[in-house]
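Novice: Please find one structure pasted underneath; my questions will follow.
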């Protein structure tokens, strides 16, 4: 079999190719939908009459990360020097719950070079109050904005706070049960209510549950963790969630940006990422040989306990 990304040596040999379907040179301007692979290869000068088996791909995205609920997380050193207190930023990720009963979860968390619970920036699902919580915690002081999912049921689709965010009540998701969560932070604002926005899919949450302002100090992270699913350091307090296509921006995403990234519920990677031209990175899980890929190289992740899953309808294994 040919190596991934290479044409076979002869017409009887199988091949596996990985490419960005947003690349107009490949699809000859076809965009990212209704693509016929045979025609794409002919556009590049291969063929004609190639015997290509067409497959359904989940956008340009194939894999994701799965927590099974037992001592799982992805963590490592973060090298980008950027003060998350005194500068603007936005973070985006796709998540899916596989919990039968509600459980706490921290989807992403920036910590100090030697992590402590005193200095962290994170997005949490608080199961006790059925809330999404954005917290800029510095010197053990919280700068928090929180939204109850049931109070924003018109956006989230989650109505029962007792049941919470679980498989039987995933709320408004794409067809595969995934939700896109976006947090934006405006450093110029002095209150959490003004500084933070949280979006569920392409819509902003507007009914605030709480906003704690104990003060802020400068904070430049040295570590980053995905899916720790606890509220302090990496622990065994895990839940069954999956995550995909985590993105980091050193700017405040507009509602139009968020809608573009949401892409009507189709999870894609670089094909809807590059148009927002600011310093940024993205973590994908599309290569079995490199389970957690950081595009910019800011992050040196190690997967602990969790596994890589493959989206439904995906035929790639690279």
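Residue numbers (our numbering): 1013 to 1330. Virtual Cβ for every residue (Gly too), placed ideally from N, Cα, C.
#1: Confirm, please, whether the CB-CB distance from residue 1134 to residue 1317 is below 9 Å.
#2: Residue 1081: which of 1109, 1139, 1073 sits nearest, CA to CA?
#3: Under the rule that 16 or more other beta-carbon atoms within 10 Å means buried, what is residue 1201, buried or exposed?
#4: For the beta strand (DSSP E) containing residue 1321, name the first residue and the last one.
#5: How would you write the range of the beta strand (DSSP E) that residue 1102 sits in, first residue to last?
#6: Is residue 1308 helix, strand or coil when you go by DSSP?
#7: What three-state label does DSSP hand residue 1154 in the structure shown?
#8: Roughly how many angstroms separate the alpha carbons of residue 1114 and residue 1231, rounded to a whole number?
#9: Of all the options 1101, 1073, 1311, 1094, which has the alpha carbon lying nearest to the alpha carbon of residue 1263?
#10: Assign residue 1302 to buried or exposed, taking buried as 16 or more other Cβ atoms, counted over all protein chains shown, within 10 Å of its Cβ.
#11: To the nearest angstrom, how far is it from the Cα of residue 1132 to the Cα of residue 1152?
#12: Tell me the DSSP bridge mates of residue 1262?
#13: For residue 1141 and residue 1253, I'd like the C-alpha separation in whole angstroms.
#14: Just confirm the distance between the C-beta atoms of residue 1119 and residue 1105, as a whole number of angstroms; I'd bet it's less than 8 Å.
Specialist: The answer reads as follows:
#1: Position 305 of the chain shown, counted from the first residue, corresponds to residue 1317. Position 122 of the chain shown, counted from the first residue, corresponds to residue 1134. In this structure, residue 1134 does not lie closer than 9 Å to residue 1317 by Cβ.
#2: As a working mapping, residue 1081 is identified with position 69 in the chain shown. Out of 1109, 1139, 1073, 1109 has the C-alpha closest to the C-alpha of residue 1081.
#3: As a working mapping, residue 1201 is identified with position 189 in the chain shown. Under this definition residue 1201 is an exposed residue.
#4: Here the question's residue 1321 lines up with position 309 in the chain shown. Note, residue 1321: beta strand (DSSP E), 1319 to 1322.
#5: Taking the chain shown and counting its residues from 1, the one referred to as residue 1102 is at position 90. Residue 1102 -> beta strand (DSSP E) spans 1101 to 1109.
#6: Stepping through the chain shown from its first residue, residue 1308 is reached at position 296. Secondary structure at residue 1308: coil, using DSSP grouped into helix, strand and coil.
#7: By one-based count along the chain shown, residue 1154 stands at place 142. Here residue 1154 sits in coil by DSSP.
#8: On the chain shown, residue 1114 is found 102 positions in, with the first residue counted as 1. On the chain shown, residue 1231 is found 219 positions in, with the first residue counted as 1. If you take the alpha carbons of residue 1114 and residue 1231, they lie about 31 Å apart.
#9: As a first step, residue 1263 must be located in the chain shown, where it is residue number 251. Checking every option, the nearest Cα to that of residue 1263 belongs to 1101.
#10: Start at 1 with the first residue of the chain shown, and residue 1302 comes out as number 290. Classification for residue 1302: exposed.
#11: Here residue 1132 refers to the residue found at position 120 when the chain shown is read from its first residue. Here residue 1152 refers to the residue found at position 140 when the chain shown is read from its first residue. Computed Cα separation, rounded: 9 Å.
#12: By 1-based counting over the chain shown, the position of residue 1262 is 250. For residue 1262, which the question treats as bridged, DSSP gives no partner whatsoever.
#13: If you number the chain shown from 1, residue 1141 lands on position 129. If you number the chain shown from 1, residue 1253 lands on position 241. The alpha-carbon atoms of residue 1141 and residue 1253 are separated by roughly 18 Å.
#14: Here the question's residue 1119 lines up with position 107 in the chain shown. Here the question's residue 1105 lines up with position 93 in the chain shown. Yes, they are in contact, since the Cβ atoms of residue 1119 and residue 1105 sit about 6 Å apart, within 8 Å.
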